[in-house]
Each structure stands twice: as structure tokens, then as C-alpha cells.
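Colleague: Dropping the structure in here first, questions after.
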Amino acid sequence: MTVLTLPAQPGQNTEPAHLPWQRMVWVTWRQHRSMLIGVTAVLAAVSIFLLIAGLKVHHDYSALINCRPASSDACATKNSSFNNADWTMGNTILILMNLAPVLLGIFTGPAVLARELETGTFRYAWTQGIGRVRWTIAKLTLLAVVITILAWAFSQLFAWFFDPFLGFEGMNDLAKTVFDTRGIDFAAWTLVAFTIGALLGMLIRRIIPAMAATLGVYLGLDLLTWLVLRQDYPVAIDTTNAGLFNGPSTPNSPWILKTWTIGNTPWWRYIPVSRFWPMQLIESGWLLVLAIALGAATVWLVRRRAA
Amino acid sequence: MTILTMPAQPGQDTGAEPRAVPWQGMLWVTWRQHRGLLISVPATFIVAVIVMLIEGPKIHHDYATLMACRPMASPACQQLSNYFNSTDWHEGNGVHVALLAVPVLLAMFAGPPILARELENGTFRYAWTQGIGRLRWTVAKLTFLGAMVTILAFVISQLFTWFFAPFLTTENMTVLSPSVFDARGVSYAAWTLTAFCMGAFLGMLVRRILPAMVATLGVYLALAAATWFYLRNHYPVSTFWPMQFFEADWLLILSVLLIAGTVWLVRRHAA
Numbered sequence: 048m049t050v051l052t053l054p055a056q057p058g059q060n061t062e063p064a065h066l067p068w069q070r071m072v073w074v075t076w077r078q079h080r081s082m083l084i085g086v087t088a089v090l091a092a093v094s095i096f097l098l099i100a101g102l103k104v105h106h107d108y109s110a111l112i113n114c115r116p117a118s119s120d121a122c123a124t125k126n127s128s129f130n131n132a133d134w135t136m137g138n139t140i141l142i143l144m145n146l147a148p149v150l151l152g153i154f155t156g157p158a159v160l161a162r163e164l165e166t167g168t169f170r171y172a173w174t175q176g177i178g179r180v181r182w183t184i185a186k187l188t189l190l191a192v193v194i195t196i197l198a199w200a201f202s203q204l205f206a207w208f209f210d211p212f213l214g215f216e217g218m219n220d221l222a223k224t225v226f227d228t229r230g231i232d233f234a235a236w237t238l239v240a241f242t243i244g245a246l247l248g249m250l251i252r253r254i255i256p257a258m259a260a261t262l263g264v265y266l267g268l269d270l271l272t273w274l275v276l277r278q279d280y281p282v283a284i285d286t287t288n289a290g291l292f293n294g295p296s297t298p299n300s301p302w303i304l305k306t307w308t309i310g311n312t313p314w315w316r317y318i319p320v321s322r323f324w325p326m327q328l329i330e331s332g333w334l335l336v337l338a339i340a341l342g343a344a345t346v347w348l349v350r351r352r353a354a
Numbered sequence: 021m022t023i024l025t026m027p028a029q030p031g032q033d034t035g036a037e038p039r040a041v042p043w044q045g046m047l048w049v050t051w052r053q054h055r056g057l058l059i060s061v062p063a064t065f066i067v068a069v070i071v072m073l074i075e076g077p078k079i080h081h082d083y084a085t086l087m088a089c090r091p092m093a094s095p096a097c098q099q100l101s102n103y104f105n106s107t108d109w110h111e112g113n114g115v116h117v118a119l120l121a122v123p124v125l126l127a128m129f130a131g132p133p134i135l136a137r138e139l140e141n142g143t144f145r146y147a148w149t150q151g152i153g154r155l156r157w158t159v160a161k162l163t164f165l166g167a168m169v170t171i172l173a174f175v176i177s178q179l180f181t182w183f184f185a186p187f188l189t190t191e192n193m194t195v196l197s198p199s200v201f202d203a204r205g206v207s208y209a210a211w212t213l214t215a216f217c218m219g220a221f222l223g224m225l226v227r228r229i230l231p232a233m234v235a236t237l238g239v240y241l242a243l244a245a246a247t248w249f250y251l252r253n254h255y256p257v258s259t260f261w262p263m264q265f266f267e268a269d270w271l272l273i274l275s276v277l278l279i280a281g282t283v284w285l286v287r288r289h290a291a
């Protein structure tokens with residue numbers, strides 16, 4: 048057999064063609080079908096439950112607040128049955144909702160990279176034409192976007208579900224357990240949980256220990272935000288106006304951070320509920336920056352690792 | 021070469037029957053294969069014990085001071101009350117929530133990997149063809165790990181009972197309040213054992229680790245919710261210890277059924 052070659056002509060493009068990014072969409076789907084379908088299915092099932100339960104809760108609550116006369120026995124019975132049945136269910140779901148970002152994170156994050164490392168298939172995956180760095184960036188970005196969008200939609204449904212309880216319990220939406228589950232905060236925390244999982248999966252290189260470590264790191268970050276950081280967002284107001292804090296707790300009551308006295312005047316530091324969206328934007332902002340930094344660290348680790 | 025053989029004498033042990041590998045051999049195997057679990061669970065236990073032994077006396081002291089404070093409506097007593105109901109209560113509640121989360125975490129992280137990992141990686145073909153045989157291998161593993169987990173859970177729930185006692189008064193709870201009932205007596209140990217057995221069974225049923233973990237989480241939460249909101253109202257007894265023993269009984273029966281189901285699945289599995 049004779050092989051004929053021609054020398055390159057001037058002006059001819061001899062660079063090896065870059066594989067287009069779009070190919071990674073198919074690869075990500077093939078490799079993570081079960082994870083994506085599983086997450087969607089679980090969120091869909093819970094959403095259907097929230098929809099049905101939420102309609103009942105809204106109906107019971109409007110029957111409760113429209114009950115006349117308000118101090119009769121019939122209305123008191125409605126109140127206590129709402130408290131026992133609806134509020135117990137609502138509170139339980141609220142607690143689970145606060146855990147949902149980390150659960151979504153630990154089942155999606157570590158599996159992306161740690162599975163390849165644990166089974167050794169990285170030797171095959173990383174030597175494909177697209178190269179390991181672009182492979183990792185594409186995968187992490189695609190999965191992060193899908194999971195964040197699903198989480199955001201889910202949190203909107205939950206916010207609707209939980210609204211009656213804010214009035215019933217006199218909670219405002221700055222309360223820790225409520226704030227985390229609405230607006231854009233839920234989606235941001237889910238994104239951070241996912242990227243923590245991916246990074247720890249790459250560091251620890253085995254799935255189950257990475258899952259446990261992600262749980263620990265996320266809980267630490269969550270506690271830190273709750274107990275320390277949220278008090279220091281630049282949205283608080285200092286005042287001596289005691290009139291703001293009298294009266295029963297309603298969804299419009301401010302969140303009191305601390306009180307102190309100078310001389311004979313008591314001062315309060317508080318956050319009014321009108322600052323809800325600025326706080327959401329601040330928190331989601333730094334969470335997004337953190338997620339990007341963790342993603343960059345993951346890609347750097349992928350690059351560094353000898354294969 | 022000439023070989024001489026003699027017929028077996030009556031009463032002589034001919035060694036024709038293979039001697040069963042002793043059960044104690046599985047202690048070492050379980051340790052080797054599950055060091056991570058066998059170290060992290062007792063380590064978490066010790067951390068929890070230390071936290072409760074440090075914070076517990078302080079909480080009890082604060083509570084005693086609060087109860088002895090006279091006059092009750094004075095600013096000084098109000099301040100004690102506020103402190104107890106915020107700082108001390110946050111600590112107590114934090115430990116409480118962490119304790120209640122442990123059976124769920126054990127169900128997820130301890131149960132499925134024991135069997136599902138072998139199946140997912142294919143190493144069951146090696147593990148189940150060892151001298152001890154697959155049934156005794158499975159039973160030994162589940163028993164050792166299940167016993168360890170249950171005993172630690174029982175001990176920690178007794179310590180927690182003492183630790184949490186002051187809050188029952190200040191937070192207006194009784195020992196029959198669902199979250200309190202679950203964390204004392206024998207109920208906590210029974211739930212931990214059930215969680216572990218459920219994880220092992222679902223790991224064997226689903227045969228892949230991550231889906232088994234999700235399934236275990238879902239089933240355990242569903243069972244816990246059903247018990248809290250429905251089943252407990254239908255017990256034939258209504259005081260604390262009878263209810264505790266009734267619940268521990270049906271959870272124990274469930275655990276035994278789950279272990280039996282797991283062993284049956286192992287037996288059935290083509291190798």
C-alpha cells in the first residue's frame with residue numbers, strides 16, 4: 048500500500064480541531080441519567096404532595112381566619128385542629144426542607160467525580176478528545192445549572208405551601224428556617240452543597256466518605272451563617288424607638304438582633320422585613336461566589352492529579 | 021512410589037466432614053472490611069457523650085438556680101429565665117435534633133454499603149465463596165454491626181434522658197411528646213436497630229449503593245412519620261413505659277424480619 052502525503056500549504060489550518068462543548072451535554076446525560084431522573088422524580092413526587100397538602104392548608108387557614116365570631120368555641124376548635132394537624136405537618140416539612148439542600152448536594156455532588164476515581168474509569172474518561180479540564184467544567188456546570196433550577200422551582204412551591212403558617216405562628220420571613228427555604232436562597236444553598244460535594248469527592252476520592260464529609264462541611268457552614276454571618280449583613284438598623292417592638296408577633300414584625308443601653312436609653316438593633324430581598328441577594332451573592340471558587344478548585348485538582 | 025492406605029477405624033475422626041469455620045473469624049473480617057464505620061460511629065458516640073457531660077451539669081445548675089429564684093417576676097429572675105430559654109435551650113435543642121438525626125444517618129451510611137458495595141463492585145463472588153459460606157458471613161456481619169450500633173444507641177439515649185430532663189418543664193413537653201418519646205427509654209435503640217436493618221435489606225434489594233441510600237432515607241422517614249402521626253395514637257396502651265415496650269417490640273419484630281429478608285435475598289442471589 049502506498050501512502051501519499053502532501054506538505055501543508057501556506058494558510059492552511061493544521062491545528063487539531065477542538066471538540067465542541069455541546070458534545071458534553073450528551074456525555075453528561077449518558078453518565079448521569081439515573082441521578083438526574085432520580086432527583087427530578089423525587090422532587091416531582093414531593094411537589095405533588097405539597098400541592099395537595101398545600102391546597103388543604105390554605106383552605107383550612109382561610110376558614111380559620113374568616114371564622115366569626117372569633118372567640119366562639121367553634122372557632123377555637125378550628126384553631127386547635129389547625130394547630131394539631133396542619134401545623135404539625137407543616138413544621139415537619141419545614142425541617143425537612145431545611146435539610147433538602149444538603150441531601151440534594153450529597154446525592155449529586157460526590158458521585159460526579161468520586162465515582163470515576165473510585166472505579167478507575169477516569170483513566171478512560173480523561174483521555175478522551177475533549178480533555179479532562181473541559182470535561183470537568185462542562186459536567187459540573189451542566190449538572191449545577193439543572194439542579195439549581197430544579198431547587199429554585201421547588202422552593203417557590205414550598206414558599207406558597209408555607210405562607211399560611213407565617214400568619215398562624217406570627218413568624219416573619221427573616222426567621223432562619225423560613226428564610227432558607229424561599230426566594231433564591233434555597234437554590235443558592237443547593238448549589239453550594241453540590242459544589243462542596245464535587246470538591247470533596249475529588250479530594251477524598253471515595254464516594255461514601257465524601258458524602259459524609261459534605262454533610263459535615265455543609266452543616267458547619269450553615270451554622271456559621273445562621274449564628275454569625277446573618278447578624279452582620281449591612282442591612283440592620285439601630286434605633287431607640289421602642290414602639291416598633293411592642294405588640295404581638297406578626298409576619299411584619301422585625302427581627303431583633305440585640306439590645307443594649309447607653310446611659311438610660313435602650314437601643315435596639317433590628318432588621319425590618321422590608322430588607323428581605325437585600326438579605327437574599329447578599330447571601331445568594333456570596334454563596335454563588337463560594338460555589339464558583341469551589342468549582343474552580345475542583346477543576347484545578349482534576350488538572351493536578353497524575354493519571 | 022508406593023502409597024499405603026488404611027481403612028478408617030470405627031470411631032476415628034476421618035476428617036472427611038469439613039469443619040465449620042468458627043464464627044469468631046468473622047470478627048476480624050468485619051473489622052477489616054468496615055473499619056471506617058467501626059471507627060466513626062464510636063467516635064461520634066464519644067463526642068456526643070463528652071458534649072453532654074460538659075454541658076449537662078451546667079444546664080442542670082442553671083435550671084436549679086432558675087427554679088429557686090425568688091421573687092419569680094423580678095428582673096433578675098426574668099433574666100435567668102431568658103438566658104435559660106435562649107442559650108441553654110439552643111444547646112439542648114441542638115443536641116436533641118442531632119440525636120434524632122443519628123438513626124437516619126446510620127440508616128443511610130451504615131446499612132446499604134455493607135451488602136450493596138459487595139454487589140456493586142462484584143467482590144461478592146470472592147467474599148461469598150470463602151470457607152464460612154455466604155449465609156453465616158451475612159448473619160455474622162449484620163449481627164456484629166447491628167449489636168454495636170444498638171448498644172451505643174441505648175447508652176446515649178440514657179445519657180440524653182438525664183441531659184434533657186430540665187427542658188421538659190420549661191418547654192412544656194411531656195415524655196409522650198413525639199420527639200421526646202423517641203429519644204429515651206428503649207425506643208431510641210429500637211429505632212436505630214430498625215434503621216440499620218432497613219438499610220441492609222434495601223441495600224440487598226436495590227443492589228446499588230446510592231439508590232439504596234435514597235430508598236432507605238425515604239422508607240425510614242415514611243415509617244417515622246407514620247408512627248408519629250398515626251400509629252402511636254392506636255396503641256393499646258397509653259402510659260410511657262408500656263408504650264415504650266410496645267413500640268420496641270414491634271420494631272424488634274420488624275428488624276428480625278428485615279434481617280431474615282436480607283439473608284433470604286443473599287441465599288437467593290445467583291453468584
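Protein chains in written order, with the numbering used here: chain A, 48 to 354; chain B, 21 to 291.
Note that CB positions come from ideal geometry on N, CA and C, so glycine has one too.
Here the structure is a predicted model, which is why all the values come from computation and not from measurement.
Mind listing the chain B neighbours of Pro148/A? Cutoff is C-beta to C-beta under 8 angstroms, in chain order.
Modeller: The residue labelled residue 148/A in the question sits at position 101 within the first sequence. Ordered by position in chain B, no residue passes the 8 angstroms Cβ test against Pro148/A, which lies about 15 angstroms from the chain.
Colleague: When DSSP labels each residue in this structure, what does Arg352/A get in the three-state scheme?
Modeller: Residue mapping note: residue 352/A aligns to position 305 of the first sequence, counting from 1. Arg352/A: coil per DSSP, three-state reduction.
Colleague: For Val159/A, which option in Leu53/A, Ala100/A, Ala245/A has the closest C-alpha, if you only look at C-alpha atoms?
Modeller: In the first sequence, the residue the question calls residue 159/A occupies position 112. Checking every option, the nearest Cα to that of Val159/A belongs to Ala245/A.
Colleague: So, helix, strand or coil for Trp314/A, using DSSP?
Modeller: By 1-based counting over the first sequence, the position of residue 314/A is 267. Residue state, collapsed to three classes: strand.
Colleague: According to DSSP, is Trp182/A helix, strand or coil?
Modeller: Here the question's residue 182/A lines up with position 135 in the first sequence. In this structure, Trp182/A counts as helix in the three-state DSSP scheme.
Colleague: Can you give the Cα-Cα distance for Gly152/A and Ala127/B, rounded to whole angstroms?
Modeller: For the purposes of this step, residue 152/A is taken as residue 105 along the first sequence, with counting starting at 1. For the purposes of this step, residue 127/B is taken as residue 107 along the second sequence, with counting starting at 1. Cα-Cα distance, rounded: 18 angstroms.
Colleague: Please decide whether Ile339/A counts as near chain B, where near means a Cβ-Cβ distance under 7 angstroms.
Modeller: The count along the first sequence starts at 1 and reaches residue 339/A at position 292. Answer no: the Cβ-Cβ gap between Ile339/A and chain B never drops below 7 angstroms.
Colleague: Enumerate in chain order the residues of its own chain whose CB-to-CB distance from Ile184/A is below 7 angstroms, with the five nearest sequence positions on each side excluded.
Modeller: Here residue 184/A refers to the residue found at position 137 of the first sequence. Closer than 7 angstroms at Cβ, skipping near neighbours: Val346.
Colleague: Considering only C-alpha positions, which residue in the set Phe129/A, Ala260/A, Arg170/A is nearest to Leu111/A?
Modeller: Residue 111/A sits at position 64 when you count from the first residue of the first sequence. For Leu111/A, the nearest C-alpha among the options comes from Phe129/A.
Colleague: Which residues of the region 246-271 of chain B have a Cβ closer than 9 angstroms to any Cβ of chain A? Give them in chain order.
Modeller: Hits within the stretch, in order: Trp248, Phe249.
Colleague: With 7 angstroms set as the bound, which would you pick, yes or no: does the beta-carbon of Ile95/A sit closer than that to a beta-carbon of chain B?
Modeller: In the first sequence, the residue the question calls residue 95/A occupies position 48. Chain B contact via Cβ: absent.
Colleague: Closest by CA to Lys161/B, which one among Thr25/B, Arg288/B, Gly45/B?
Modeller: In the second sequence, counting from the first residue as 1, residue 161/B sits at position 141. Among Thr25/B, Arg288/B, Gly45/B, the Cα nearest to that of Lys161/B is on Gly45/B.
Colleague: What residues from the region 83-112 of chain A come within 8 angstroms of chain B, judged by C-beta to C-beta, listed N to C?
Modeller: Within the region 83-112 of chain A, the residues whose Cβ lies closer than 8 angstroms to some Cβ of chain B are Gly85, Val89, listed in chain order.
Colleague: For the alpha helix (DSSP H) containing Leu276/A, list its first residue and its last residue.
Modeller: Working through the first sequence from its first residue, we reach residue 276/A at position 229. Per DSSP, Leu276/A belongs to no alpha helix (DSSP H) and is neither H nor E.
Colleague: Taking its Cβ as the centre, do 16 or more other Cβ atoms sit within 10 Å of Glu62/A, making it buried, or is it exposed?
Modeller: Residue mapping note: residue 62/A aligns to position 15 of the first sequence, counting from 1. Exposed, by the Cβ-count rule.
Colleague: Val169/B and Thr212/B - do their beta-carbons sit closer together than 7 angstroms?
Modeller: Within the second sequence, residue 212/B is the residue found at index 192, counting from 1. Within the second sequence, residue 169/B is the residue found at index 149, counting from 1. Contact flag set, yes.
Colleague: Whose Cβ in chain B lies nearer than 8 angstroms to the Cβ of Phe154/A?
Modeller: Within the first sequence, residue 154/A is the residue found at index 107, counting from 1. Those are Leu230, Met233, Val234, listed as they occur along chain B.
Colleague: Could one say the Cβ of Pro133/B lies closer than 7 angstroms to chain A's Cβ atoms, at least one of them?
Modeller: Position 113 of the second sequence, counted from the start, is the residue given in the question as residue 133/B. It does; some Cβ of chain A falls within 7 angstroms.
Colleague: Please list, in chain order, all residues of the same chain as Gly137/A whose beta carbon is under 6 angstroms from its beta carbon, the five residues on each side excluded.
Modeller: Translated into the one-based positions of the first sequence, residue 137/A becomes position 90. So the list reads Phe212, once near-sequence residues are dropped.
Colleague: Using 7 angstroms as the limit for Cβ to Cβ distance, is Ile196/A near chain B?
Modeller: What you label residue 196/A is simply residue 149 of the first sequence in a count that begins at 1. No, Ile196/A lies away from the interface with chain B (no Cβ there is under 7 angstroms from its Cβ).
Colleague: Which runs of the alpha helix (DSSP H), 4 residues or longer, sit entirely within the region 132-176 of chain B?
Modeller: Counting whole runs of 4 or more residues, the region 132-176 of chain B contains the alpha helix (DSSP H) stretches 144-147.
Colleague: Specify the secondary structure class of Trp307/A as computed by DSSP and reduced to three states.
Modeller: Position 260 of the first sequence, counted from the first residue, corresponds to residue 307/A. Three-state result, Trp307/A: strand.
Colleague: Nearest to Thr190/B by CA position, among Trp43/B, Leu86/B, Pro62/B, Ala28/B, is which residue?
Modeller: The residue given as residue 190/B occupies position 170 in the second sequence. Answer by Cα proximity: Leu86/B.
Colleague: Is it buried or exposed for Gly332/A, if we count other Cβ within 10 angstroms and need 16 for buried?
Modeller: On the first sequence, residue 332/A is found 285 positions in, with the first residue counted as 1. By the neighbour-count rule (16 or more Cβ atoms within 10 Å), Gly332/A is not buried but exposed.
Colleague: Please determine if the region 176-188 of chain B and the region 202-221 of chain B are in contact, where contact requires at least 3 C-beta pairs separated by less than 8 angstroms.
Modeller: Output reads yes: the region 202-221 of chain B touches the region 176-188 of chain B.
Colleague: What distance in whole Å lies between the Cβ atoms of Val124/B and Ala215/B, which are believed to be in contact at a cut-off of 8 angstroms?
Modeller: As a first step, residue 215/B is located in the second sequence; it is residue number 195 there, counting from the start. As a first step, residue 124/B is located in the second sequence; it is residue number 104 there, counting from the start. The pair is a contact, with the Cβ atoms about 7 angstroms apart (cut-off 8 angstroms).
Colleague: In the DSSP assignment, find the unbroken beta strand (DSSP E) run with Thr286/A in it and report its ends.
Modeller: To locate residue 286/A, count along the first sequence from 1; it is residue 239. Element bounds for Thr286/A: 284-286.
Colleague: State the DSSP-derived secondary structure class of Trp173/A, mapped to helix, strand or coil.
Modeller: In the first sequence, the residue the question calls residue 173/A occupies position 126. Coil at Trp173/A, not helix or strand.
Colleague: Determine, using beta carbons only, whether Leu255/A comes closer than 7 angstroms to chain B.
Modeller: As a first step, residue 255/A must be located in the first sequence, where it is residue number 208. Contrary to the premise, residue 255/A reads as Ile rather than Leu in this sequence. Chain B, which has a Cβ nearer than 7 angstroms to the Cβ of Ile255/A, makes this yes.
Colleague: Assuming Thr286/A contacts Trp307/A (C-beta within less than 8 angstroms), just tell me the rounded distance between them.
Modeller: Taking the first residue of the first sequence as 1, we reach residue 286/A at position 239. Taking the first residue of the first sequence as 1, we reach residue 307/A at position 260. Contact flag wrong, Cβ pair sits at about 12 angstroms.
Colleague: With 16 other CB atoms within 10 Å as the buried threshold, where does Arg322/A fall?
Modeller: Mapped onto the first sequence, residue 322/A falls at position 275. Answer is buried; the Cβ neighbour count reaches 16.
Colleague: With DSSP run on the structure shown, which of helix, strand or coil describes Trp302/A?
Modeller: The count along the first sequence starts at 1 and reaches residue 302/A at position 255. It is a strand residue.
Colleague: How far does the alpha helix (DSSP H) with Tyr83/B in it extend, from its first residue to its last?
Modeller: Along the second sequence, read from residue 1 onward, the residue named residue 83/B stands at position 63. Run containing Tyr83/B: 55-88, per the alpha helix (DSSP H) assignment.
Colleague: Taking Ala289/A as the query, report the chain B residues whose CB atoms sit under 9 angstroms from its CB, ordered along the chain.
Modeller: Along the first sequence, one-based indexing puts residue 289/A at 242. The premise fails here: Ala289/A is roughly 16 angstroms from chain B at the closest Cβ pair, so nothing lies under 9 angstroms.
Colleague: Please list, in chain order, the chain B residues whose beta carbon lies closer than 8 angstroms to that of Ala259/A.
Modeller: Your numbering for residue 259/A matches position 212 in the first sequence. Within chain B, the residues near Ala259/A are Ser60, Phe129.
Colleague: Looking at Val180/A: is its Cβ nearer than 7 angstroms to the Cβ of Arg350/A?
Modeller: Sequence index remark: in the first sequence, residue 180/A carries index 133 (1-based). Sequence index remark: in the first sequence, residue 350/A carries index 303 (1-based). Yes, the pair counts as a contact, with Cβ atoms nearer than the cut-off.
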